[in-house]
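For what it's worth, the working numbering labels the leading residue of the sequence shown as -17, then goes sequentially. Worksheet for the structure shown next.
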Amino acid sequence: NMFIRSFSVINKFNTQGHHIGGMVGYLRSLGAMIDQIQPTRVIVVFDGEGNTTNKKNLYSEYKGTRKIKRITNWTGFDNLEQESESLQDQLLRLIDYLKCLPLSISIVDKLEADDSIAFLSQKFDHSIIVSVDQDFLQLVDDKVEVYSPIRKKYYTKQAVFDEFGVWPCNFLQKKIILGDTSDNVPKVPKIGPGKLYKLFPELTQEQPISLQEIIDKSYIESDNNPWYGDIYNFKHQLYINEKLMDLKNPNIPEQEKEKLEKLVLSKPNSYNKSKFY
């Protein structure tokens, strides 16, 4: 995500006329994050090949509305094909650069980056996830923070509640019901945040509430309030949404978990200054 944002806004070309905005912007941002956070370890995570396969097996329309389109608005590229070639070339070159730096890289086939990040964040005494993806807020606790590089804000438990009106332990349940348009995960029709909190004030408390408890309450109250009936009648999709969105229990096969565990135990790359330059 950081690379894509850099690619789309930094109109920088080298002396041979090749666009390098994605790589330059990413490396500068990464360096700024390291200077700011002063971590003891850095893991850079990318989507693996076929990363949506497991989730599309659960819900075939997952990310089904995403289309390839131009993301730059300047004249460096004549068409979408040129832009796509440059993006792919820069991403591959960026990974080569990262291999020269004292950090670890995670690219696991059939795994989305968010599932890998979620799994890895639980393996350390304290982790800071750098991402603009709000799905990670469900992971925030005493050991995990989320830093948004766009908002320039650290999300602790209190910060999540102050901004969204729900504690991290219930952030997932809110997302399950309200859906996610960017991933084409459907919501319960006609239910918004305000209505949801009125129906389930428990979500605004620091005590976790499970999806099953929400569905059970919806069944009990459905005769008295049709909004509860709408939620209960949507329960089949809600169970699917939970499997798609749950990052505390990500859908990772055992073989892929072993690869991530191995990464945790391994040492980061050594800094190869001469090769990098």
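Using N, Cα and C, we set each Cβ at its ideal position, and we do this for glycine too.
7 Å or more divides the Cβ of G7 from the Cβ of I(-14). In the DSSP assignment, K177 falls outside any beta strand (DSSP E) and within the unbroken alpha helix (DSSP H) covering 175 to 181.
Cβ-Cβ distances below 7 Å link I158 to L193, L220, N223, E224, M227 in the same chain, with the five nearest sequence neighbours on each side left out; the list follows chain order. In the structure shown, the three-state DSSP call for F(-11) is helix.
Under the three-state reduction of DSSP, D71 is assigned to helix.
Under the three-state reduction of DSSP, D162 is assigned to strand. Ranking Y179, Q189, M5, E236 by CA distance to the CA of Q72 puts M5 first. The continuous beta strand (DSSP E) containing Y137 extends over residues 135 to 137.
V142 carries a helical assignment under DSSP once its states are collapsed to helix, strand and coil. Excluding five sequence positions before and after Q116, none of the CB atoms of its chain fall closer than 6 Å to its own CB. According to the DSSP assignment, E238 belongs to the alpha helix (DSSP H) that extends over 236 to 247. Counted as a single uninterrupted DSSP element, the beta strand (DSSP E) harbouring S130 occupies residues 126 to 130. In this structure, the beta-carbon distance from T54 to S(-10) falls below 7 Å. Per the Cβ contact rule, the segment 207 to 219 is not in contact with the segment 55 to 66 (fewer than 3 Cβ pairs under 8 Å). Taking a 10 Å sphere around the C-beta of G30, we find 16 or more other C-beta atoms and assign the residue as buried. Relative to F106, the option among V246, N254, I132 whose CA is nearest is V246. By the neighbour-count criterion, in which a residue is buried when 16 or more other Cβ atoms sit within 10 angstroms of its Cβ, K135 is exposed. Going by beta carbons, L229 and Q120 fall inside the 7 Å limit. By the Cβ criterion, the segment 237 to 257 is in contact with the segment 82 to 101, since at least three pairs of Cβ atoms, one from each stretch, lie closer than 8 Å.
A distance below 7 Å separates the beta carbons of E238 and L93. The three-state reading of DSSP puts F(-5) in strand, counting E and B together. For I89, no alpha helix (DSSP H) encloses it; the enclosing beta strand (DSSP E) starts and ends at 86 to 89. In the DSSP assignment, I110 falls within the unbroken beta strand (DSSP E) covering 109 to 112. If the five residues before and after H1 are omitted, its C-beta is found closer than 6 Å to the C-beta atoms of F(-5), G58, S68, all from its own chain and listed in chain order. Between L185 and N152, the beta carbon gap of about 5 Å places them in contact (Cβ cut-off 8 Å).
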